[in-house]
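This report concerns only the one structure given below.
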Amino acid sequence: MSEETKNEVHLTKGDLVNTWWRSTFLQAAWNYERMQNVGWAFSMIPGIRRLYKTKEDRASALKRHLEFFNTHPYVASPILGVQLAMEEQRANGAEINDEAINGVKVGMMGPLAGVGDPIFWGTMRPVLGAFAAGMAQSGSVMGPIIFFVVWNLIRMLFLWYSQQLGYREGTNITQDLAGGAMQKITTGASILGMFIMGVLVPRWTTMNFPMVMSKVKVQDGAAADIPGLAKAINGGDVSASKIADVVGQIQGGQSLTAYKVTTLQDTLDQLLPGLAPLLLMFIVLWLLRKRVSAITIIFGLFFVGILAYAFGIMA
Amino acid sequence: MISAFFVVLFAFLAGMDGILDQFQFHQPLVAATLIGLANGHLTEGIILGGTLQMLALGWMNIGAAVAPDAALASAVSAYLVTGPAQVSVDTGMAIAIPLAVAGQVLTIGVRTLTVALAHIADKQAEKGSLRGVETVHWTALSLQGLRIAIPVIIVMAVGAGPVNDALNAIPDVITKGLAVAGGFIVVVGYAMVINMMATAELWPFFFLGFALSAVSELNLIAMGMIGLVLALIYLQLSPRFNGGSGNSGSGKGGSGNGDPIDTILNNY
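Chain order of the listed sequences is A and B.
Sequential numbering from 1310 applies to the first sequence in this note's numbering.
Sequential numbering from 2 applies to the second sequence in this note's numbering.
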């Protein structure tokens, strides 16, 4: 043992940076058999190259890192850190067998995917994306720029620091995962995400129902005397007092037309603005839970849109 | 010619990021903006990108499930809107949907093809060849890039004339109807996100957001602040994260309040 400690091999900062960069391409060779396995081995290669020098050692290291692996692509970084730490100990003589390495990998990928999916895909991208898309729809180039820069900044920092955390903590990190911290972050992010979804549903969904529900003749004297004003203007004998009169009537809340038209939209808005989008969202949610695919729903909604337009219900 | 080169390049990037999901080159906001830039119609590209982004808000690959493909939808649609065909943004959005399905089928094909590549990687691993595994890795990534670049090249080769003829053949009621649907189709994206996250614990926050948004004029930044504050307050008050459940029992961090997040942060 004593001669082995003299020849200890350690990963350099450069190896860690290299792994961090390579982890960006984790999913490149995603396949239905072992999913992220090739990208995983690809990310481990700087470590393997540093720690193992013989062909046999490298072959066995590559093989154990080509096993099945799949998680959220960003939270693979802390697992990479842990595995680098384990491989480093193994290369320096620690008793860490293939099963231990694989066990840690498989043990971490499930819970971490459960954290990464709601935080990054469920909260961060919809919130940032919706915010930036709102700007972009008015033609502002700041929309895409903010989206791209902010996203990548957060992503790259997360990949680096979580990999470092994994490397430093080694297998201890599995205890942290079981603790409340992860759950706390996930819950906090999900609260923000759900709240923003609630905000977006009525705000950025356009549903306009101009279909006329009722057309009632307004009582005599309840409509502003706009026809009278028009006649006066055309006749050339319009006076200041006449205009003030009509404006006063309008300000007094009198109807602008002789008929009071109520559209479906007015009725819905009286109940609650944004009611129609809310109901539609729940219908879609219900369909999704019935395992109807999103694409089928989208096609269905396009069909509904065409019908509603054809019959004059929506515009 | 130069603009065609950049359109294909950006399509290739979108294809690669469609599988990587890292830089977000495949997201409509980025892809459509870049392709609009290459075609010299930046503003149209941005507006299309923003419109499609709302649609694609909930398209995410979770586990082994493959979502509708934003990459092909945004690349081809952006080329039609900002390129020589000069299709309207509304039409661009309508054709993005079948394209997203086509892209989904294509990525499933490539993901199946890479099973063979993974076996080649095994062979290289037997030989202890680090370089061999790396080559397999990059080959697979290029396939995903070509998955988007090749369809874009095909649309370019067909040219603006036939594309416009085909689109003009569509009756008015369909295009107007699609535009109407485009206004509310975004709820599918919201519903997908909600479907993933919703628990009984979280529904109240959704309705709070809805009520505030429906009847107030607060802008999104203010809403974001309210949401963040709600989350922080909830975490502070919820007995689940706060009670004396003693999960700080080991107390190795010595952070006093036993907050595991503090322990992790202090270890930095």
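Beta carbons are placed, not taken as given, at the ideal position from N, Cα and C, and that holds for glycine.
What you are looking at is a predicted structure, and each value in this text was computed from that prediction instead of being measured.
Which listed residue (B/Met226, B/Leu168 and B/Leu231) has its alpha carbon closest to that of A/Thr1496: The count along the first sequence starts at 1 and reaches residue 1496 of chain A at position 187. Closest by alpha carbon: B/Leu231.
In three-state terms, what does DSSP make of A/Thr1328? For the purposes of this step, residue 1328 of chain A is identified with residue 19 of the first sequence, where counting begins at 1. Here A/Thr1328 sits in helix by DSSP.
Would you kindly report the start and end of the unbroken alpha helix (DSSP H) that includes B/Ser214? Working through the second sequence from its first residue, we reach residue 214 of chain B at position 213. Unbroken alpha helix (DSSP H) run through B/Ser214: Trp204 to Val216.
Pick from B/Leu58, B/Val194 and B/Thr34 that is closest to B/Ser78, judged by C-alpha positions: Working through the second sequence from its first residue, we reach residue 78 of chain B at position 77. Considering only alpha carbons, the answer is B/Thr34.
Once the 5 residues before and after B/Asp91 are set aside, which same chain residues still bring their CB inside 8 Å of it? Mapped onto the second sequence, residue 91 of chain B falls at position 90. These residues qualify, in order along the chain: Thr176, Leu179, Ala180 and Gly183.
Going by beta-carbon coordinates alone, are B/Lys128 and A/Ala1403 separated by less than 8 Å? Taking the second sequence and counting its residues from 1, one reaches residue 128 of chain B at position 127. Taking the first sequence and counting its residues from 1, one reaches residue 1403 of chain A at position 94. No.
Looking only at DSSP bridge pairs, what is B/Val164 linked to? Counted from its first residue, the second sequence places residue 164 of chain B at position 163. According to DSSP, B/Val164 bridges with nothing at all.
Does the Cβ of A/Asp1546 have 16 or more other Cβ atoms within 10 Å, making it buried, or fewer, making it exposed? Along the first sequence, read from residue 1 onward, the residue named residue 1546 of chain A stands at position 237. Answer is exposed; the Cβ neighbour count stays below 16.
Where do the ends of the alpha helix (DSSP H) carrying A/Lys1372 lie? Start at 1 with the first residue of the first sequence, and residue 1372 of chain A comes out as number 63. That run of the alpha helix (DSSP H) goes Lys1364 to Arg1373.
Look at B/Met224 and A/Ala1442 and say whether their C-beta atoms are less than 8 Å apart. Counted from its first residue, the second sequence places residue 224 of chain B at position 223. Counted from its first residue, the first sequence places residue 1442 of chain A at position 133. No, Cβ-Cβ distance for B/Met224 and A/Ala1442 is not below 8 Å.
For the candidate residues A/Pro1586, A/Leu1596 and A/Arg1477, whose alpha-carbon lies nearest to that of A/Ala1394? Here the question's residue 1394 of chain A lines up with position 85 in the first sequence. When each option's Cα is compared against that of A/Ala1394, the closest is A/Arg1477.
Taking the continuous beta strand (DSSP E) assigned at A/Met1522, which residues delimit it? As a first step, residue 1522 of chain A must be located in the first sequence, where it is residue number 213. Taken as a continuous stretch (DSSP letters only), the beta strand (DSSP E) holding A/Met1522 covers Val1521 to Lys1526.
Chain A contact for B/His138 (CB, 8 Å cutoff): Sequence index remark: in the second sequence, residue 138 of chain B carries index 137 (1-based). By this cut-off, B/His138 is an interface position.
Would you decide whether A/Ala1585 is buried or exposed? Buried here means 16 or more other CB atoms lie within 10 Å of its CB. To locate residue 1585 of chain A, count along the first sequence from 1; it is residue 276. Looking at its Cβ environment, which holds 16 or more other Cβ atoms inside 10 Å, A/Ala1585 is buried.
Does the CB of A/Lys1524 have a neighbour CB from chain B at under 8 Å? Within the first sequence, numbered from 1, the residue matching residue 1524 of chain A stands at position 215. Not closer than 8 Å to any Cβ of chain B, the Cβ of A/Lys1524 fails to qualify, so no.
So that I know if they touch, is there some Cβ in chain A lying closer than 8 Å to that of B/Ser4? Position 3 of the second sequence, counted from the first residue, corresponds to residue 4 of chain B. No - not a single Cβ of chain A is within 8 Å of the one on B/Ser4.
Below 8 Å, how does it come out for the stretch 1574-1585 of chain A and the stretch 1507-1521 of chain A: are there three or more Cβ pairs, yes or no? yes
Can you find a C-beta in chain A that's less than 8 Å from the C-beta of B/Gln23? In the second sequence, residue 23 of chain B corresponds to position 22, counting from 1. So, interface residue.
Assuming the contact rule is C-beta atoms closer than 8 Å, B/Leu58 and A/Gly1544 should be a hit. Round their C-beta distance to whole Å, please. Counted from its first residue, the second sequence places residue 58 of chain B at position 57. Counted from its first residue, the first sequence places residue 1544 of chain A at position 235. Not really, about 58 Å apart at Cβ, beyond 8 Å.
Nearest to B/Pro1 by alpha carbon, out of B/Gln87, B/Lys124, B/Tyr235 and B/Ile186? Any property of residue 1 of chain B remains undetermined from this structure, which presents chain B solely from 2 to 269.
Determine whether the beta carbon atoms of A/Ile1494 and B/Leu203 lie at a separation below 8 Å. Locating residue 1494 of chain A in the first sequence gives position 185, where the first residue counts as 1. Locating residue 203 of chain B in the second sequence gives position 202, where the first residue counts as 1. No; because the gap between Cβ atoms is not below 8 Å, this pair is not in contact.
A/Tyr1568 - containing alpha helix (DSSP H), residue span: Working through the first sequence from its first residue, we reach residue 1568 of chain A at position 259. It is not in any alpha helix (DSSP H) - A/Tyr1568 instead sits in the beta strand (DSSP E) that spans Tyr1568 to Thr1572.
By DSSP, does B/Phe242 sit in helix, in strand, or in coil? For the purposes of this step, residue 242 of chain B is taken as residue 241 along the second sequence, with counting starting at 1. In the structure shown, B/Phe242 sits in a helix (DSSP, three-state: H, G or I).
Span of the alpha helix (DSSP H) holding B/Thr113? Numbered from its first residue, the second sequence carries residue 113 of chain B at position 112. Note, B/Thr113: alpha helix (DSSP H), Val90 to Glu127.
Going by the CB atoms, is the gap between B/Asn196 and A/Leu1587 shorter than 8 Å? One-based indexing of the first sequence puts residue 1587 of chain A at position 278. One-based indexing of the second sequence puts residue 196 of chain B at position 195. No; because the gap between Cβ atoms is not below 8 Å, this pair is not in contact.
Look up A/Ser1386 in the DSSP assignment and give the residues it is bridged to. The residue given as residue 1386 of chain A occupies position 77 in the first sequence. According to DSSP, which records beta bridges pairwise, A/Ser1386 is partnered with nothing at all.
Taking Cβ to Cβ, would you say A/Gly1507 is nearer than 8 Å to B/Gly146? In the first sequence, counting from the first residue as 1, residue 1507 of chain A sits at position 198. In the second sequence, counting from the first residue as 1, residue 146 of chain B sits at position 145. It is not a contact, given that the beta carbons lie outside the stated cut-off.
According to DSSP, is B/Asn40 helix, strand or coil? The residue given as residue 40 of chain B occupies position 39 in the second sequence. Three-state DSSP puts B/Asn40 in coil, outside helix and strand.
Can you find the residues in the same chain that come closer than 7 Å, C-beta to C-beta, to A/Trp1330, ignoring five residues on each side of it along the sequence? For the purposes of this step, residue 1330 of chain A is identified with residue 21 of the first sequence, where counting begins at 1. Within the same chain, A/Trp1330 has no close Cβ partners at all.
Return no unless some Cβ of chain A is closer than 8 Å to the Cβ of B/Gly208. In the second sequence, residue 208 of chain B corresponds to position 207, counting from 1. In the sequence as displayed, the identity of residue 208 of chain B is Phe instead of Gly. B/Phe208 counts as touching chain A.
By alpha-carbon positions, which one of B/Thr136, B/Ile96 and B/Pro99 ends up nearest to B/Thr306? As displayed, chain B neither begins before 2 nor continues past 269, which places residue 306 of chain B out of reach and without an answer.
Got a sec, what are the start and stop residues for the alpha helix (DSSP H) A/Glu1342 sits in? Your numbering for residue 1342 of chain A matches position 33 in the first sequence. No alpha helix (DSSP H) contains A/Glu1342, which DSSP labels as neither H nor E.
Should A/Val1424 and A/Val1391 be called a contact, given that it needs their Cβ atoms to be closer than 8 Å? Mapped onto the first sequence, residue 1424 of chain A falls at position 115. Mapped onto the first sequence, residue 1391 of chain A falls at position 82. Cβ atoms of A/Val1424 and A/Val1391: not closer than 8 Å.
By the criterion of Cβ-Cβ separation under 8 Å, what are the contact partners of A/Phe1518 in chain B? The count along the first sequence starts at 1 and reaches residue 1518 of chain A at position 209. Chain B residues near A/Phe1518: none, gap ~10 Å exceeds 8 Å.
Beta-carbon spacing of A/Asn1411, B/Ala119 below 8 Å: Within the first sequence, numbered from 1, the residue matching residue 1411 of chain A stands at position 102. Within the second sequence, numbered from 1, the residue matching residue 119 of chain B stands at position 118. Against a cut-off of 8 Å, the Cβ pair of B/Ala119 and A/Asn1411 comes out as no contact.
Should the stretch 93-112 of chain B be called in touch with the stretch 61-74 of chain B, which here means at least 3 C-beta pairs below 8 Å? Flag = yes, the stretch 93-112 of chain B and the stretch 61-74 of chain B touch.
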